Amino acid sequence: MEGLKKDVIRHVVSSLGSDYASKSAYNYYNALALAVRDRLIDNWIKTQRSYYDEKAKRVYYLSLEYLPGKSLMNNLHCLGIYETARKAMSDLGFSLEDLAEQEWDAGLGNGGLGRLASCFLDSMATLGIPGYGYGIRYDYGIFHQVIEDGKQVEQADNWMRVGNPWAYERGQHLFPVRFFGEVKNWTDEYGRLRHTWTAGDTVLAMPCDMLVPGWDNHHVINMRLWSARSDVEFDLDFFNTGNYLGAVEEKIFDEKISKVLYPSDQIEEGRELRLKQQYFFVTATIQDILRRFRKKHQDMTELPQSVAIQLNDTHPAIAIAELMRILLDEDLLDWEVAWDICVSTFAYTNHTILPEALETWPVSLLERMLPRHMQIIYEINARFLREVERVARSEDCGQLCHRDLDHLKQRVSLIQERPIKSVRMAHLAIIGSHSVNGVAALHTELLKARVFDDFQRLYPQKINNKTNGVTPRRWLWSANQPLSRLIASHIGTGFVRNLDELTQLEPLAADPAFREAWRAAKLENKQRLQAYIKRKLMRELHTEHLFDVHIKRIHEYKRQVLNLLHVVTAYNRLRHGQAADFTPRTVFFGGKAAPSYFMAKRIIHAINAVAATVNADSRVNDKLQVVYLPNYCVSQAERVIPATELSEQISTAGMEASGTGNMKFALNGALTIGTWDGATIEMAQAIGPELLFIFGMREDELVSLRQHGYNPMLYYHGDEELREALDMLRSDAFSPGQHGLFAPLVDNLLHGGDRFFVLADYRQYLGAQQDVGRLYLDQEEWTRRSILNAARMGFFSSDRAISQYAREIWDVAPMAGLQNGKGA
Ligand code: GPQ
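Residue 1 is where the sequence shown starts when you use the UniProt record's numbering, and the numbers rise one by one after that.
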């Protein structure tokens with residue numbers, strides 16, 4: 001402890017240039033972070049050296065998004081110095097919790113996809129897998145959300161304004177990134193046609209490394225984020241021609257590439273700068289991968305034995321064309337050889353079946369920005385379509401009927417002709433990869449049967465499932481110390497590394513004393529949330545209420561509106577005195593809406609309007625409260641999830657690819673009210689469906705309802721309570737003076753076809769909520785179920801997911817000496 005204290009003081013003075021006697025929490029947080037980083041860097045160097053010495057096969061995870069959140073607490077826990085740090089900082093006059101609050105969340109992602117990437121890095125580090133995360137170091141992460149007059153207002157997230165003590169910026173290792181320009185054709189000495197791309201613009205990519213430690217194993221992996229730097233300052237021409245200010249403008253223009261994260265989630269924006277971001281990040285990453293590979297290898301055909309590249313959705317899919325370009329134009333390999341290398345190296349994860357999220361890029365834009373890549377994509381497509389034709393005409397063409405060949409070719413082509421001629425990035429990712437995976441069992445089945453059915457017939461081995469998982473380090477151990485300590489006192493701490501050990505809790509569910517202790521941990525977390533809400537929102541929570549929580553991005557398919565209709569109905573019953581047996585509850589909502597997503601923003605407004613009415617109504621507000629949590633983010637999830645009793649996972653069946661929040665809640669002892677969707681299905685199977693509150697129509701039922709003609713008006717006319725709730729929303733009951741404010745929301749349900757079947761599931765949802773309320777009155781039974789939920793969540797560790805990726809897709813093994821935890 002004395003060592004750590006000394007290091008902190010030393011950093012306050014010599015790294016931060018401050019007086020250690022002036023007790024600034026900000027300085028002491030930074031100094032502590034630097035002292036922790038010192039303890040990581042040695043192991044990072046050793047880890048990286050061991051890969052090199054052992055010629056280990058490396059895994060590269062390419063993702064445009066990461067959501068690490070805050071690093072301090074997690075890193076202290078991984079290093080096993082949490083208690084030491086707590087005592088050291090308390091000696092210096094600080095509470096560790098308060099210091100941790102000084103850190104800004106690294107919010108370099110939108111939601112589940114980015115958070116999954118961060119959980120995966122944590123698991124690779126813990127399992128000892130030679131992994132690297134690659135991404136973009138956005139100057140501005142996901143916007144900061146404030147709620148003003150009930151509406152979302154976006155503020156810039158200037159997360160690095162005060163620097164980032166965790167990152168190493170490596171200004172000396174710059175990689176060139178080229179755009180635009182033209183392609184020249186030439187013939188080599190064997191008479192083969194060759195291509196050289198001379199680019200118009202060049203920008204530089206600077207690596208920033210963030211260290212990702214494993215759990216108690218001395219293994220530290222790297223997350224390398226690229227930041228755009230202009231090459232202008234090296235261009236003496238500008239000075240010679242006297243155009244100094246022009247040079248500065250160009251510099252600013254170049255550095256715009258990594259300025260801001262696009263804040264839309266599963267909605268395609270199709271902006272030129274976004275494509276620039278994708279290529280910028282991809283080419284820098286591929287150059288870095290090949291630089292490392294070439295240190296030990298000359299023969300490029302050995303690449304797939306040494307390197308696995310995982311594409312996190314299609315955002316980095318241009319990597320396939322980029323690797324082809326390098327192999328063809330720089331290494332001068334033949335097409336077939338280059339293509340084999342590519343396919344064997346790449347693998348692609350799909351995260352959604354929503355059509356509006358499937359990426360396409362206009363051919364005209366690609367031709368201008370990346371002319372050589374567009375040529376390569378055309379060539380990939382031509383060869384692929386010839387192969388499709390060959391397979392279709394062959395005897396074992398199965399269901400491929402060659403009468404339909406033209407249609408089949410149109411459907412699978414990399415190029416879509418309408419509405420504008422564009423490249424389908426998912427098709428590029430599928431044919432350029434040896435593995436295509438979905439993120440939960442149902443999702444993968446839907447990929448095979450619906451979205452990519454043609455590809456499933458063409459390549460029956462390619463599509464596979466890897467159900468998502470979450471890291472128990474952050475989402476149980478670090479976020480929920482009261483519960484973790486209780487668990488550890490009964491079964492030891494092995495569950496943090498091997499989550500299956502939680503099954504040892506099962507017999508304890510029958511033990512009244514353990515149940516009481518389990519409830520006490522929950523209450524402690526509820527009280528902690530209460531204190532936080534009081535501080536932030538100046539509101540008093542009732543900790544004896546059932547805490548019912550719906551936190552995630554705001555999206556129509558996630559159906560925050562269904563939850564809201566339940567709240568309005570509960571409000572009506574209470575007002576009308578029809579709810580004598582109502583179980584008091586507080587309903588929490590939280591989540592950001594894409595700034596351009598009109599309906600999602602209106603939903604936020606509606607939730608806040610209903611909240612204001614309900615909370616102000618003294619007839620009901622001792623029994624029903626609604627809280628909107630502004631600026632939902634990773635660190636807020638860490639506070640809210642441990643305090644939650646009811647987890648809302650109510651997406652339209654078939655539409656939530658997996659969900660990962662669902663897992664975090666159950667792991668922390670919340671019971672789930674949910675639809676038969678995503679990974680919630682597998683959770684129900686692992687836990688026992690009777691221990692969750694499952695309701696609503698299933699995916700195949702919705703398909704047939706749609707086919708037979710779904711008429712939301714029938715539900716409206718057939719259900720008095722539903723009608724009352726919708727009429728109130730449409731009238732100005734919640735928006736006095738602003739008549740019609742929420743009409744778009746209601747019209748969308750009644751006259752817009754209710755694409756997400758809110759009305760079809762309303763009545764069943766109410767029934768399930770009634771069951772929840774009733775069960776909550778029986779605290780012994782509720783607690784028993786809560787314990788069993790957590791005990792059966794072992795499968796949903798990201799360690800299990802990453803082990804499957806490693807074995808079944810990447811063909812990599814953990815580093816020797818690390819398999820059993822402790823490493824060298
Ligand atoms: N997801 Cl395509 C995102 O968070 N952003 C995206 O752009 C896409 C998917 C989510 C998906 O909605 C969840 O169901 C998954 O659990 C999550 O990805 C991780 O796979």
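For every residue, glycine included, the Cβ atom is placed at its ideal position computed from N, Cα and C. Only a predicted model underlies this, so the values are computations on that prediction, with no experimental measurement involved.
- Within the region 449-521, the runs of beta strand (DSSP E) at least 3 residues long that lie entirely inside it are, in chain order, 463-465.
- Val177 counts as buried, since no fewer than 16 other beta carbons sit within 10 angstroms of its beta carbon.
- Here Leu505 is not near Gly669, since their CB atoms are 8 Å or more apart.
- With a contact defined as Cβ atoms closer than 8 Å, Leu414 and Leu428 qualify at about 6 Å.
- Fully contained in the region 744-790 are the following alpha helix (DSSP H) runs of length 4 or more, in chain order: 758-777.
- Taken from the Cβ of Gln649, every heavy atom of the ligand GPQ lies 7 Å or farther away.
- Restricting attention to Arg58, Asn110, Leu64, Pro584, the CA atom closest to the CA of Ile129 is found in Arg58.
- Proximity to Ala612 across Phe588, Glu501, Ser635 peaks at Phe588, based on C-alpha coordinates.
- Here Ala106 carries a strand assignment [DSSP, helix/strand/coil].
- Secondary structure at Lys5: helix, using DSSP grouped into helix, strand and coil.
- For Met206, the pairing in a beta bridge is given by DSSP as Ser227.
- In the three-state DSSP reduction, Tyr710 falls in the coil class, being neither helix nor strand.
- When C-alpha distances from Pro595 are compared across Ser95, Gln266, Asn30, Met206, the shortest belongs to Gln266.
- For Ser647, the enclosing beta strand (DSSP E) covers residues 646-649.
- Within 10 angstroms of the beta-carbon of Arg559 lie 16 or more other beta-carbons, which makes it buried.
- By the CB criterion at 8 Å, Leu76 and Phe281 fall outside the cutoff.
- Measuring C-alpha to C-alpha distances from Glu97 to each of Asn217, Gly150, Phe693, Tyr532 identifies Tyr532 as the nearest.
- The nearest non-hydrogen atom of the ligand GPQ is 7 Å or more from the C-beta of Ala593.
- Under the criterion of beta carbons closer than 8 Å, Asn437 and Lys466 qualify as touching, at roughly 5 Å.
- Following the DSSP letters along the chain, one finds Glu182 inside the beta strand (DSSP E) bounded by residues 182-187.
- In terms of side-chain proximity, the C-beta atom of Glu656 is found nearer than 7 Å to a non-hydrogen atom of the ligand GPQ.
- Just so you know, the alpha carbons of Pro316 and Ile687 end up roughly 36 Å apart.
- A straight-line Cα-Cα distance of about 8 Å links Gly591 and Cys633.
- Pairing Arg807 with Gly112, the inter-Cα distance amounts to about 24 Å.
- Per DSSP, Val59 is one residue of the beta strand (DSSP E) stretching across 58-62.
- Taking the CA atoms as reference points, Glu780 sits about 39 Å from Glu103.
- The bridge partners DSSP lists for Thr672 are Ser647.
- Pairwise C-beta distances place the region 256-273 out of contact with the region 533-550, as fewer than three of them are shorter than 8 Å.
- In this structure, the CA atom of Leu303 is about 21 Å from the CA atom of Gly135.
- The beta carbon of Met210 is closer than 6 Å to those of Trp166, Ala167, Met223 in its chain, skipping five residues each way along the sequence.
- Listed in chain order, the non-local C-beta contacts of Leu127 below 8 Å within the same chain comprise Gly214, Asp799, Ile802, Ser803, Ala806, Pro814, Leu818, local neighbours out to five positions each way being set aside.
- Taking a 10 Å sphere around the C-beta of Phe253, we find fewer than 16 other C-beta atoms and assign the residue as exposed.
- Placement of the Cβ of Gly270 at a distance of 7 Å or more from every heavy atom of the ligand GPQ is found.
- Here Trp197 carries a strand assignment [DSSP, helix/strand/coil].
- Contact between the region 744-753 and the region 593-609 is present: three or more C-beta pairs spanning the two stretches fall below 8 Å.
- The beta carbon of Cys119 sits closer than 6 Å to the beta carbons of Val470, Thr471, Ser798 from its chain, once the five residues preceding and following it are set aside; these are given in chain order.
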